[in-house]
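First comes the structure, then the notes that go with it.
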Amino acid sequence: MTKSELIEVLAQETGLTKGRAELVVNTVFDSMVEALQRGEGIEIRGFGSFTVRQYKAYEGRNPRTGATVHVAPKRLPFFKVGKDLRERVNGKRSGGGAPIARRRAEAKAQAAAAAATKQAQRQDPSVAEDAI
Amino acid sequence: MTKADIIDRVCDRVGGFSKKEAADLVEKVFDVMKCTLETGEKIKISGFGNFVVRDKAPRPGRNPQTGTEILIDARRVLTFKPSPVLKTALNEE
Numbered sequence: 001m002t003k004s005e006l007i008e009v010l011a012q013e014t015g016l017t018k019g020r021a022e023l024v025v026n027t028v029f030d031s032m033v034e035a036l037q038r039g040e041g042i043e044i045r046g047f048g049s050f051t052v053r054q055y056k057a058y059e060g061r062n063p064r065t066g067a068t069v070h071v072a073p074k075r076l077p078f079f080k081v082g083k084d085l086r087e088r089v090n091g092k093r094s095g096g097g098a099p100i101a102r103r104r105a106e107a108k109a110q111a112a113a114a115a116a117t118k119q120a121q122r123q124d125p126s127v128a129e130d131a132i
Numbered sequence: 133m134t135k136a137d138i139i140d141r142v143c144d145r146v147g148g149f150s151k152k153e154a155a156d157l158v159e160k161v162f163d164v165m166k167c168t169l170e171t172g173e174k175i176k177i178s179g180f181g182n183f184v185v186r187d188k189a190p191r192p193g194r195n196p197q198t199g200t201e202i203l204i205d206a207r208r209v210l211t212f213k214p215s216p217v218l219k220t221a222l223n224e225e
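In structure tokens:
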């Protein structure tokens with residue numbers, strides 16, 4: 001699933017326009033990026049938590065050539081999965097993922113059908129007349 | 133930052149939603165993600181990172197407290213790989 005598919009599913013599930021759904025999803029991830037930039041952790045109950053880890057500079061090696069390289073200090077985001085999601089991913093407990101997967105399959109089939117109709121219209125204008 | 137802070141941002145920046153509506157929407161975003169990951173499908177959020185479900189093979193382990201050997205069962209775990217864009221964003225300035 002990509003971000004645009006996530007936006008599509010959110011629009012379907014809530015009845016929002018795709019534009020509004022896109023604003024919501026973008027705001028969610030933008031605000032998370034901003035928190036991490038401030039060095040702040042994020043905790044989403046049932047999903048997981050993000051923390052920023054500070055790494056010191058070290059002398060690393062290029063594994064292919066063996067050459068020593070200096071690695072500058074850096075900050076990296078780190079994700080720890082929450083208990084609820086960890087158990088669901090591991091199949092211990094179901095939270096009802098199947099219906100969403102099915103709805104997405106339906107949405108894809110509809111899009112394909114619409115594309116096929118358009119294709120048919122292009123090849124045979126009489127189809128278009130029928131459709132209108 | 134917690135879900136409540138994210139809900140506030142959605143209220144402030146998107147506009148036209150009540151607190152309750154924004155809360156339901158944010159809840160839904162994470163719910164859709166959880167349901168997708170539960171089916172084993174990965175999620176790619178451009179500019180943020182990828183959430184990938186990985187199958188782990190069983191392996192022998194040890195209880196670090198008692199030293200007894202035990203077999204760690206095969207399991208599925210969720211990993212997050214941050215996008216290069218996010219890594220750069222954390223190391224600017």
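As given, the protein sequences belong to chains A and B, one line each in that order. Using the numbering used here, you'd call the opening residue of the first sequence number 1 and step up by one each time. Using the numbering used here, you'd call the opening residue of the second sequence number 133 and step up by one each time. Virtual Cβ for every residue (Gly too), placed ideally from N, Cα, C.
query: By the 10 Å Cβ neighbour count, where 16 or more other Cβ atoms means buried, how is B/I138 classified, buried or exposed?
result: By 1-based counting over the second sequence, the position of residue 138 of chain B is 6. Label assigned to B/I138: buried.
Cα-Cα separation between B/G193 and B/R207, rounded to whole angstroms: Taking the second sequence and counting its residues from 1, the one referred to as residue 193 of chain B is at position 61. Taking the second sequence and counting its residues from 1, the one referred to as residue 207 of chain B is at position 75. Spanning the two alpha carbons is a distance of roughly 14 angstroms.
- request: Compare the Cα-Cα distances from A/R53 to each of B/A154, B/P214, B/K152 and B/G147 and report the closest residue.
  value: Along the first sequence, read from residue 1 onward, the residue named residue 53 of chain A stands at position 53. Taking only the C-alpha atoms, the option nearest A/R53 is B/P214.
query: Does A/N90 come within less than 7 angstroms of chain B when only Cβ atoms are used?
result: Within the first sequence, numbered from 1, the residue matching residue 90 of chain A stands at position 90. Answer yes: the Cβ-Cβ gap between A/N90 and chain B drops below 7 angstroms somewhere.
message: One question on the structure: do A/T27 and B/V146 come within less than 7 angstroms of each other, judged by their Cβ atoms?
response: Start at 1 with the first residue of the first sequence, and residue 27 of chain A comes out as number 27. Start at 1 with the first residue of the second sequence, and residue 146 of chain B comes out as number 14. Closer than 7 angstroms, so yes.
field: Nearest residue (CA-CA) to A/V38, options A/D124, A/D84, A/L76 and A/K83
entry: To locate residue 38 of chain A, count along the first sequence from 1; it is residue 38. In the sequence on display, residue 38 of chain A carries Arg and not Val. Measuring from the Cα of A/R38, the nearest candidate turns out to be A/L76.
query: Got a sec? Which residues, its chain only, sit under 8 angstroms from B/N182 by beta carbon, not counting five neighbours each side?
result: Looking up residue 182 of chain B in the second sequence gives position 50. Taken in chain order, the residues that qualify are K174, I175, K176, F212, K213 and S215.
- request: Could you check what DSSP says for A/T51 in three-state terms: helix, strand or coil?
  value: The residue labelled residue 51 of chain A in the question sits at position 51 within the first sequence. If DSSP states are grouped into helix, strand and coil, A/T51 belongs with the strands.
task: Can you tell me which of the three DSSP states B/L210 falls into?
output: Along the second sequence, one-based indexing puts residue 210 of chain B at 78. Strand, per DSSP.
- request: Flag this pair as yes or no: are the beta carbons of B/F180 and A/F47 separated by less than 7 angstroms?
  value: Sequence index remark: in the second sequence, residue 180 of chain B carries index 48 (1-based). Sequence index remark: in the first sequence, residue 47 of chain A carries index 47 (1-based). The answer is no: Cβ separation not under 7 angstroms.
task: Output the boundary residues of the alpha helix (DSSP H) element that contains A/L6.
output: In the first sequence, the residue the question calls residue 6 of chain A occupies position 6. Run containing A/L6: K3 to T14, per the alpha helix (DSSP H) assignment.
query: Which residues in chain B sit within 7 angstroms of A/V9, going by Cβ to Cβ distance?
result: The residue given as residue 9 of chain A occupies position 9 in the first sequence. Going along chain B in sequence order, the residues near A/V9 (Cβ under 7 angstroms) are V164.
task: Compare the C-beta of A/E87 against all C-beta atoms of chain B and say whether one is closer than 7 angstroms.
output: As a first step, residue 87 of chain A must be located in the first sequence, where it is residue number 87. A/E87 does not count as touching chain B.
query: Is there a Cβ from chain A that is less than 7 angstroms from the Cβ of B/V146?
result: Along the second sequence, read from residue 1 onward, the residue named residue 146 of chain B stands at position 14. Closer than 7 angstroms: yes.
message: Please list, in chain order, the chain A residues whose beta carbon lies closer than 9 angstroms to that of B/I204.
response: Walking along the second sequence from the start, residue 204 of chain B turns up at place 72. The premise fails here: B/I204 is roughly 12 angstroms from chain A at the closest Cβ pair, so nothing lies under 9 angstroms.
- prompt: Roughly how many whole angstroms lie between the Cα atoms of A/A67 and A/Y58?
  reply: Here the question's residue 67 of chain A lines up with position 67 in the first sequence. Here the question's residue 58 of chain A lines up with position 58 in the first sequence. Using only the alpha carbons, I get a separation of about 14 angstroms.
message: At the 7 angstroms Cβ level, is A/I132 part of the contact set with chain B, yes or no?
response: Translated into the one-based positions of the first sequence, residue 132 of chain A becomes position 132. Because A/I132 sits at a pLDDT of 47, beneath the cut-off of 50, its placement in the model cannot be relied upon, and the point is left open.
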